[in-house]
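Right, one structure below, let's go through it.
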Amino acid sequence: MGDVMTISQLLESASAAYEELVTLAEDVEDEWTYVMDLSAAWRERLEVVATERGGAPAAAPEQAAIDRAIDEVGRIGDPHRAIDWLSTFPQVVLSALGERP
Amino acid sequence: MRFQDAAKDARAVTYAAIQADPVVARAAGLLADASPTQCLLARAVMNGETLDPDGWRTMFPTLFGPGVAPSGLERSEAILAVSLAIADRGDQARNQLRGALVESLTAELLARRVGAGAVRRERRILFDRVPAEIHPYDVTVERAGAAEAYDCKWGARGIDADVLHQLDDARSNAEAEDERLRVALVVFDAERSCRVRLDRQTAPHDRTGLLTMETLGTLAG
Chain E
3 MGDVMTISQL LESASAAYEE LVTLAEDVED EWTYVMDLSA AWRERLEVVA
53 TERGGAPAAA PEQAAIDRAI DEVGRIGDPH RAIDWLSTFP QVVLSALGER
103 P
Chain D
4 MRFQDAAKDA RAVTYAAIQA DPVVARAAGL LADASPTQCL LARAVMNGET
54 LDPDGWRTMF PTLFGPGVAP SGLERSEAIL AVSLAIADRG DQARNQLRGA
104 LVESLTAELL ARRVGAGAVR RERRILFDRV PAEIHPYDVT VERAGAAEAY
154 DCKWGARGID ADVLHQLDDA RSNAEAEDER LRVALVVFDA ERSCRVRLDR
204 QTAPHDRTGL LTMETLGTLA G
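Protein chains in written order, with this note's numbering: chain E, 3 to 103; chain D, 4 to 224.
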């Protein structure tokens, strides 16, 4: 495990991975509007957590969990599965931080 | 209003075999008593790319970390194992199994409230002077004066105009016959994602219920 990150830094890493998912999901043209609306809704939820707890240090298990989740979504190559993870990934991140979806 | 078995066409025969796969009942039995986070674990694993159980344990510290009660840990381990078994079937099979799982889970939870005898699968609902829907309802509760019909989806993306019309039509047709029919969607996804999907739909759904991973337990009463 490397340096301790803050919750805010951890969420920034998660958000960068999320943007990659959004880019992949955009390939499903019929669902473009849904992809935009869905990702906006989950970004908003993550931003609330960043605002409330961003300066706090992330615990090692939280950091490991989110790193692992980022690795998982980084393996996705299918845009339809990316849409599934546009909902699932933020929930996993929030769960790792002990937050409700 | 009356209920009828769906036609035993090729689709129904194929799907019946999927529903009868033992892994579906095993997963549904475990998820019927699962917490929302345990449901999320199942959803993530069955949507996932990797099959390494340690990786998934790392991803869910609130389920597998130190300090978790043994009973909770045992259920999480069982859910992880059955979810990996489904994920390992390959894309096409797991897509089918996931759909069957949500239906089986819905039926199991409803049976706790109304008794197994009142819960049916793959049934059509017929009304006087109304052409019958081709597609059956996934799960129904067939009780005089308190019938229910459910459509089950693995994810919010499965919500579309067709299913919303089918559910609302059934409800309104029942009302026209002075019958009570509760209709609802059961979606194995977060409520936030479902609301985003529903907000984009113009099909009627203001009287259609919504059960999500956070509220599945309410099906049982």
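Just so you know, even glycine gets a beta-carbon here, dropped at the ideal spot from N, CA and C.
Keep in mind it's a predicted model, so treat the numbers as computed, not measured.
Amino acids of chain E, ordered along the chain, whose beta-carbon sits closer than 8 Å to that of residue i
| i | result |
| --- | --- |
| residue 8/D | Neighbours of residue 8/D on chain E: none; closest Cβ ~32 Å, over 8 Å. |
| residue 203/D | 35, 36, 39 |
Helix, strand or coil at residue i [DSSP, three-state]
| i | result |
| --- | --- |
| residue 125/D | strand |
| residue 3/E | Only weak support is given to the placement of residue 3/E: the predicted model assigns it a pLDDT of 49, under 50, and the question is left unresolved by the model. |
| residue 143/D | strand |
| residue 181/D | coil |
| residue 103/E | coil |
| residue 29/E | coil |
| residue 135/D | coil |
| residue 71/D | coil |
Beta-carbon proximity check, residue i vs residue j, cutoff 7 Å
| i | j | result |
| --- | --- | --- |
| residue 108/D | residue 9/D | no |
| residue 122/D | residue 114/D | yes |
| residue 186/D | residue 152/D | yes |
| residue 6/D | residue 128/D | yes |
| residue 2/D | residue 44/D | Here chain D has residues from 4 to 224 only, and residue 2/D is not among them. |
| residue 224/D | residue 146/D | no |
| residue 111/D | residue 35/D | yes |
| residue 222/D | residue 214/D | yes |
| residue 189/D | residue 103/D | no |
| residue 154/D | residue 106/D | no |
Range of the contiguous beta strand (DSSP E) that encloses residue i
| i | result |
| --- | --- |
| residue 212/D | 212-214 |
| residue 35/D | Careful: residue 35/D lies outside any beta strand (DSSP E) and carries neither H nor E. |
| residue 7/D | 5-8 |
Terminal residues of the alpha helix (DSSP H) in which residue i lies
| i | result |
| --- | --- |
| residue 151/D | Counting along the chain, residue 151/D falls outside any alpha helix (DSSP H), though it belongs to the beta strand (DSSP E) covering 150-156. |
| residue 91/E | 81-98 |
| residue 99/D | 94-117 |
| residue 22/D | 13-22 |
| residue 201/D | 194-202 |
| residue 63/E | 62-76 |
| residue 49/E | 34-55 |
| residue 57/D | 56-62 |
Contact list for residue i against chain D, beta-carbon separation under 9 Å
| i | result |
| --- | --- |
| residue 34/E | Near residue 34/E there are no residues of chain D at all, since even the closest Cβ is about 11 Å away, more than 9 Å. |
| residue 22/E | What residue 22/E touches in chain D: nothing, since even the nearest Cβ is about 14 Å away. |
| residue 47/E | 195 |
Under 8 Å from the C-beta of residue i: neighbouring residues of chain D
| i | result |
| --- | --- |
| residue 86/E | 50, 158, 160 |
| residue 94/E | 43, 47, 62, 63 |
Contacts that residue i makes with chain E (C-beta to C-beta distance below 7 Å)
| i | result |
| --- | --- |
| residue 90/D | Here the premise fails: no neighbours, minimum Cβ distance about 12 Å. |
| residue 68/D | 63 |
Neighbouring residues, chain D, relative to residue i (Cβ below 7 Å)
| i | result |
| --- | --- |
| residue 78/E | 52 |
Item to complete: With 9 Å as the limit, tell me which residues of the stretch 20-43 of chain D have their beta carbon closer than that to any beta carbon of chain E; keep them in chain order.
Response: Taken in chain order, the members of the stretch 20-43 of chain D whose beta-carbon sits within less than 9 Å of a beta-carbon on chain E are 39, 40, 43.
Worksheet item: What residues in the stretch 58-82 of chain E bring their beta carbon closer than 7 Å to a beta carbon of chain D?
Response: Hits within the stretch, in order: 63, 64, 66, 67, 70, 71, 74, 77, 78.
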